[in-house]
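Peer 1: The numbers in the working numbering rise by one with no breaks, and the one at position 28 of the sequence shown is 28.
Take this structure, written in structure tokens, and hold onto it; I'll ask about it next.
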Amino acid sequence: MPTPKKIQAVAEMKELFENSSSLFVTDYQGLNVSDMTALRTSLREK
């Protein structure tokens, strides 16, 4: 059964997705935390 916290989280994600012009879903393996952070920063800049 959905909890109020999960319902709120899904509603927030739905709003973010509806207001975004694009969405990327990825699965990167083998990157350490600093490399992953650098990748995220680079993607946000573009």
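C-beta atoms are modelled at their ideal positions from N, C-alpha and C, and glycine is treated no differently.
To the nearest angstrom, how far is it from the Cα of Q29 to the Cα of M36?
Peer 2: Rounded to the nearest angstrom, the two C-alpha atoms are 10 Å apart.
Peer 1: In the structure shown, what three-state DSSP assignment does V33 receive?
Peer 2: Reduced to three states, the DSSP call for V33 is helix.
Peer 1: What residue range does the alpha helix (DSSP H) around F17 cover?
Peer 2: Element bounds for F17: 4-18.
Peer 1: Does L43 come out as helix, strand or coil in the three-state DSSP assignment?
Peer 2: DSSP places L43 in helix when its eight states are reduced to three.
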